[in-house]
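So the structure is just underneath, and the comments pick up after that.
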Amino acid sequence: MAAHLSYLMSKLQTLSTSDHSSVVSMNLFVALLLACIVIGHLLEENRWVNESITALLIGVCTGIVILLISRGKSSHLLVFSEDLFFIYLLPPIIFNAGFQVKKKQFFVNFITIVMFGAIGTLISFCIISLGATQIFKKLDIGSLEIGDYLAIGAIFAATDSVCTLQVLNQDETPLLYSLVFGEGVVNDATSVVLFNAIQSFDLTHIDSRIALHFMGNFLYLFFTSTMLGVFAGLLSAYIIKKLYFGRHSTDREVALMMLMAYLSYILAELFYLSGILTVFFCGIVMSHYTWHNVTESSRVTTKHAFATLSFVAEIFIFLYVGMDALDIEKWRFVSDSPGTSVAVSSILLGLLMLGRSAFVFPLSFLSNLAKKSPYEKISLRQQVIIWWAGLMRGAVSIALAYNQFTRSGHTQLRPNAILITSTITVVLVSTVVFGLMTKPLIRFLVPHSKQTTSMVLSEPNTPKSIIVPLLGQDSEGDLGSQEVRRPASIRDLLTTPTHTVHRYWRKFDNAFMRPVFGGRGFVPFVPGSPTERNNTQWQ
Numbered sequence: 001m002a003a004h005l006s007y008l009m010s011k012l013q014t015l016s017t018s019d020h021s022s023v024v025s026m027n028l029f030v031a032l033l034l035a036c037i038v039i040g041h042l043l044e045e046n047r048w049v050n051e052s053i054t055a056l057l058i059g060v061c062t063g064i065v066i067l068l069i070s071r072g073k074s075s076h077l078l079v080f081s082e083d084l085f086f087i088y089l090l091p092p093i094i095f096n097a098g099f100q101v102k103k104k105q106f107f108v109n110f111i112t113i114v115m116f117g118a119i120g121t122l123i124s125f126c127i128i129s130l131g132a133t134q135i136f137k138k139l140d141i142g143s144l145e146i147g148d149y150l151a152i153g154a155i156f157a158a159t160d161s162v163c164t165l166q167v168l169n170q171d172e173t174p175l176l177y178s179l180v181f182g183e184g185v186v187n188d189a190t191s192v193v194l195f196n197a198i199q200s201f202d203l204t205h206i207d208s209r210i211a212l213h214f215m216g217n218f219l220y221l222f223f224t225s226t227m228l229g230v231f232a233g234l235l236s237a238y239i240i241k242k243l244y245f246g247r248h249s250t251d252r253e254v255a256l257m258m259l260m261a262y263l264s265y266i267l268a269e270l271f272y273l274s275g276i277l278t279v280f281f282c283g284i285v286m287s288h289y290t291w292h293n294v295t296e297s298s299r300v301t302t303k304h305a306f307a308t309l310s311f312v313a314e315i316f317i318f319l320y321v322g323m324d325a326l327d328i329e330k331w332r333f334v335s336d337s338p339g340t341s342v343a344v345s346s347i348l349l350g351l352l353m354l355g356r357s358a359f360v361f362p363l364s365f366l367s368n369l370a371k372k373s374p375y376e377k378i379s380l381r382q383q384v385i386i387w388w389a390g391l392m393r394g395a396v397s398i399a400l401a402y403n404q405f406t407r408s409g410h411t412q413l414r415p416n417a418i419l420i421t422s423t424i425t426v427v428l429v430s431t432v433v434f435g436l437m438t439k440p441l442i443r444f445l446v447p448h449s450k451q452t453t454s455m456v457l458s459e460p461n462t463p464k465s466i467i468v469p470l471l472g473q474d475s476e477g478d479l480g481s482q483e484v485r486r487p488a489s490i491r492d493l494l495t496t497p498t499h500t501v502h503r504y505w506r507k508f509d510n511a512f513m514r515p516v517f518g519g520r521g522f523v524p525f526v527p528g529s530p531t532e533r534n535n536t537q538w539q
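All the letters of the sequence shown, read from the start, carry residue numbers 1 to 539 under the UniProt record's numbering.
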């Protein structure tokens, strides 16, 4: 009995020590987050450094310090977990991007965005996979299966949409921002779908039937994920419009919006859909309908709450990746052959640059063929910026690499360790080098980009202001007064969206959607409703 009690006491002591070490780790991590915010603020006017690079470098420096203190045993406070990344950190970032995005720019360029994000990702995937298959076999990295080479293509075809938010400004370069970030969202979803398909399909016997099945599966996931996000956004708008939560508590409105957004992401993951696409389109629909149905105080609260959650999650991710980059366990496997690891990293960087150039310039050329106005076309300088800004790789690539080449974050196989360390190296180099050079490159190639803000400032169709509807381009007052020329051909229909697709959507939106789901100007006056404050101001 005494021995049993002694055993229980020792276990409790072990648990207590473990809990205390976790508390210490979390304290240090929160302190590092605060340091990233303060240093980022001090470097706000710096033309080279942004907060993502700052957090990444602080993470690497912290990892070095921990490595020295622990005498080479550990380099991080927390172990990288793909579940933590995909389930908790990524959703608020993607949702806020959809919630704040300038919808006119996004939907005007929607076809180009889908071309870059879907077709472009497939082109990049094929080039990286084929290049890795041909080159890696000549290097002494060990045996890899066909599924590993295809997984490498999917991993490095995934751009870093999180870092894009940091290096591009939505107000200064609206076209570049909408193209690069919109492509990044579709690209991430496409890469994850590709990766999951690689893991689920039998790749030993690839034929036309499997290829068609794969394409059908991708189109199904893209459509259903988008529709699920739209449905979740419309459901939240309808509930808030009908029940008027603001009469009693604005907290319930804010909580409902947050939970419905997160529920859409979790449901997508539950049904094996793309949570990235779902939560992005949920954010777009919520900003168009739901946000206008809540009280004035809830609008301010949600706008800042979503932005703050996204901001903290971004800093957390880069700090997290920076510390995990020096995981001594993985580097130990490649310490005997550092040249091989450097060669693999260099080859992967070269392949992703080649893969991106193989679709950015040709697809931009095709996109320009359908545009008459030279102001709507993507210039060569803008194409270079799009190519460059999309070279950054981030936490999505690391999470997919961990999923493919490790088991619970650990590996004992030399080829897997080489690919993990190479992925980390590519992420660090691409984020720091390409990220540092993006802002100066934009200033050099597009020196008068701030002149484009005149259009953007008059386009308050995001939660920052509330005048223009989802796909609208004309003011509300002249919707019915303009004489619209009927398009004479399909080319006219594609090249004049202002007076065709967008106008028809606005008429449908005003006639059917907003009377049911609410939105600007379609919320009836009820005491305590969102219109109460506005009405009382005019009395």
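Ideal Cβ placement from N, Cα and C applies to all residues, glycine included.
8 angstroms Cβ cutoff met for residue 274 and residue 193: yes
Residue 325 - DSSP class collapsed to helix/strand/coil: The answer is coil: DSSP assigns residue 325 none of H, G, I, E or B.
Rounded distance between the beta-carbons of residue 156 and residue 352, thought under 8 angstroms: 5 angstroms
The stretch 93-107 touching the stretch 281-290, judged by at least three CB pairs closer than 8 angstroms: yes
Closest Cα partner of residue 392 within the set 141, 188, 504: 188
Cβ neighbours of residue 334 in the same chain (closer than 8 angstroms, five flanking residues each side left out): 340, 341, 414, 417, 418, 421
Exposed unless 16 or more other CB atoms sit within 10 angstroms - verdict on residue 314: buried
Residue 173 - containing alpha helix (DSSP H), residue span: Careful: residue 173 lies outside any alpha helix (DSSP H) and carries neither H nor E.
Environment of residue 19 [buried if 16+ CB atoms lie within 10 Å]: exposed
Candidates 299, 33, 173, 109, of which the one nearest residue 447 by Cα: 173
Residue 347 versus residue 231: straight-line alpha-carbon distance, rounded: Residue 347 and residue 231 have their C-alpha atoms some 43 angstroms from each other.
Close beta carbons around residue 170, own chain, < 7 angstroms, minus the five adjacent residues each side: 102, 177
Stretch pair the stretch 33-46 + the stretch 297-310: three plus CB contacts closer than 8 angstroms: The stretch 297-310 and the stretch 33-46 do not touch, with fewer than three beta-carbon pairs separated by less than 8 angstroms.
Proximity to residue 143 [Cα-Cα], best of 434, 71, 405: 405
CA nearest to the CA of residue 220, picked from 271, 27, 248: 271
Cβ-based burial, residue 359 [other Cβ within 10 Å; buried from 16]: buried
Three-state class that DSSP yields for residue 34 in the structure shown: helix
Delimiting residues of the alpha helix (DSSP H) encompassing residue 220: Taken as a continuous stretch (DSSP letters only), the alpha helix (DSSP H) holding residue 220 covers 208-243.
Check: residue 236 C-beta below 7 angstroms from any heavy atom of the ligand HEM: As for the ligand HEM, it is missing from this structure, which has no ligand bound.
Top-ranked residue by Cα proximity to residue 100, from 207, 119, 305, 131: 305
Assigned secondary structure, residue 145 (DSSP; H/G/I helix, E/B strand, else coil): coil
Cβ-Cβ distance between residue 159 and residue 390 below 8 angstroms: yes
CB-CB length for residue 344 against residue 139, believed under 8 angstroms: 7 angstroms
Beta-carbon contacts of residue 114 that lie in its chain and below 7 angstroms, excluding the five residues immediately before and after: 186
Inter-residue spacing [alpha-carbon to alpha-carbon] between residue 350 and residue 403: Taking the straight line from one Cα to the other gives about 23 angstroms.
Coarse secondary structure for residue 446, derived from DSSP in three states: coil
Cα-Cα separation, residue 222 to residue 182: 14 angstroms
C-beta atoms of residue 292 and residue 518 nearer than 8 angstroms: yes
Reduced DSSP category for residue 167 - H, G, I as helix; E, B as strand; rest coil: helix
C-alpha distance - residue 520 paired with residue 245, whole-angstrom precision: Taking the straight line joining both Cα atoms gives about 18 angstroms.
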